[in-house]
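A short worksheet on the structure shown next.
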Amino acid sequence: MHKQELTIIVQSIIASNTVDEHVKCAQNLSGFYSKIAVIDRDVNNETFVKGGVALSSSGAADCVDDYLRTIYFIKGIYKALIKLSNDFPERSINVLYAGCGPYATLILPLLTLFNKDRINAILLDINISSIASVRQILSVTGLNDYSLQLIEADAVTYIKPQEFTIDLAISETMHYGLTREPQVAITRNIVSQLPAHGILIPEEIRIDFAYTFFDYEPSLSTKNKVKGYNQMQPYPHKVFVDRLFTISKELFADREHDLKLESNFYNLPADFSNYPDVCIFTEIKIFEDIELKTAESYITNPYCVVSIYSLAEYAEIQLIYDFSDMPKWSYDVKMATN
Ligand SMILES: C[S@@+](CC[C@H](N)C(=O)[O-])C[C@H]1O[C@@H](n2cnc3c(N)ncnc32)[C@H](O)[C@@H]1O
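Sequential numbering from 1 applies to the sequence shown in this note's numbering.
Next comes the structure, spelled out in structure tokens:
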């Protein structure tokens with residue numbers, strides 16, 4: 001009965017076309033999990049790893065309520081699974097899901113749309129209670145006859161079994177501005193184990209530098225009623241400066257030892273009254289045409305690095321992203337040369 005209900009919900013997710021439909025489907029999925037999962041909300045099992053903080057089981061469960069994030073990731077992963085099924089009709093598809101949380105939100109609903117011999121998955125989480133929760137949900141829904149390995153491990157250092165060729169790697173372990181959570185450290189580790197044909201989801205996390213008035217950015221508006229979605233217009237005086245980098249399979253191809261990404265130096269504006277803040281903007285290409293734009297999700301909200309008012313005597317700025325430990329942004333500045 002639960003399996004049938006989940007199948008109907010995921011079919012409606014795949015078919016949904018408008019924001020209202022996306023939100024409704026995500027609410028149905030969230031309600032489904034709340035009904036069948038057993039999570040101890042009083043336990044804070046947040047865990048620090050080299051590369052960021054792994055959310056508690058309770059915090060990770062709540063990610064399902066970041067509505068457009070959840071729907072777009074599920075749609076993107078479905079599309080990637082269909083592509084891989086067509087590319088490899090003779091064998092099952094190997095999926096590595098790093099940071100599955102207590103609901104395995106981004107893959108578990110999709111299992112119902114595939115025959116059990118088509119998917120072979122490793123589901124990782126650092127929190128044992130999240131792994132226990134996924135096991136319980138698989139059992140309640142009758143999806144425990146799929147070929148799934150549930151593993152308690154740190155995805156920053158995890159090494160896949162030799163015979164397991166990853167066709168699809170999924171990780172959504174991300175906080176806005178790539179701060180706090182270990183998305184980049186995990187991606188770097190997974191990408192090093194991905195074959196040429198392997199698909200990474202998200203395919204791209206695009207990190208842009210812009211000057212804006214951070215307080216006027218719509219993501220900070222209290223009028224925002226729909227969780228994870230903002231219909232207000234972006235702040236009109238925002239100035240795009242440059243794309244700093246894109247987290248992708250390609251980025252780490254020749255940088256597998258880098259734990260720091262440094263930008264060029266950019267001129268600071270002389271008149272910045274309309275856009276006094278140095279900010280990071282994020283867009284995510286989940287797979288092919290499925291994208292999460294700025295502030296459509298909690299994880300694509302902008303992040304303010306520094307106010308230009310505090311840099312008045314400087315002429316140039318460089319932004320530095322360091323994910324060797326707790327991921328963070330810093331900056332370097334240069335005086336004017338005259
Ligand atoms: C933002 S939550 C997302 C949960 C779920 N994947 C979703 O999309 O709804 C991230 C999950 O990744 C797990 N996680 C974070 N860092 C991890 C690491 N280094 N190794 C294994 N799991 C990790 C957290 O414990 C948490 O369950």
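Each residue gets a CB set at the ideal place from its N, CA and C atoms; glycine is no exception.
Does the separation of the CB atoms of residue i and residue j fall below 8 Å?
i	j	result
leucine 311	leucine 268	yes
lysine 160	glutamine 193	yes
arginine 180	proline 302	no
lysine 260	valine 191	no
alanine 210	cysteine 279	yes
isoleucine 317	tyrosine 266	yes
leucine 106	valine 10	no
isoleucine 137	tyrosine 103	yes
threonine 212	tyrosine 275	yes
tyrosine 78	isoleucine 166	no
leucine 150	leucine 292	no
isoleucine 119	isoleucine 93	yes
histidine 2	threonine 141	yes
leucine 178	leucine 143	no
alanine 54	serine 133	no
asparagine 45	serine 30	no
isoleucine 308	phenylalanine 272	yes
glutamate 172	phenylalanine 32	no
leucine 111	tyrosine 146	yes
Tell me the residue span of the beta strand (DSSP E) that contains residue i.
i	result
glutamine 149	147-152
asparagine 267	260-267
glycine 52	52-54
serine 307	303-307
leucine 292	290-292
threonine 282	277-287
threonine 319	The question names threonine, but residue 319 is leucine in the sequence shown. Run containing leucine 319: 314-322, per the beta strand (DSSP E) assignment.
aspartate 332	328-335
phenylalanine 272	Run containing phenylalanine 272: none; DSSP gives neither H nor E here.
valine 49	47-49
Starting from residue i and walking both ways along the alpha helix (DSSP H), at which residues does that stretch end?
i	result
glycine 31	19-36
glutamate 5	2-15
aspartate 62	57-62
If we define contact as Cβ-Cβ less than 8 Å, is residue i a contact residue for chain B?
i	result
aspartate 271	Looking for chain B here will not work: only one protein chain is present.
Hey, is the stretch 291-309 in contact with the stretch 152-160, meaning 3+ C-beta pairs nearer than 8 Å?
-> no
Continuous beta strand (DSSP E) assignments of at least 3 residues falling wholly in the stretch 153-239:
168-170, 199-201, 204-212
How do the stretch 199-215 and the stretch 275-288 stand: do at least 3 beta-carbon pairs fall below 8 Å, yes or no?
yes
| query | Is the stretch 79-88 touching the stretch 58-65, taking contact as three or more C-beta pairs under 8 Å? | reply | No: fewer than three Cβ pairs fall under 8 Å.
Margin query: Does the stretch 121-128 come into contact with the stretch 92-108, if we say contact requires no fewer than three beta-carbon pairs (one atom in each stretch) closer than 8 Å?
Written below: yes
Taking the runs of the beta strand (DSSP E) that are 3 residues or longer, which of them lie wholly in the stretch 72-147?
-> The stretch 72-147 contains these whole beta strand (DSSP E) runs: 93-98, 119-125.
Query raised in the report: Is the number of C-beta pairs between the stretch 173-188 and the stretch 320-337 that are closer than 8 Å three or more?
Result: yes
| Touch check for the stretch 62-71 and the stretch 22-42: three-plus C-beta pairs under 8 Å? | yes
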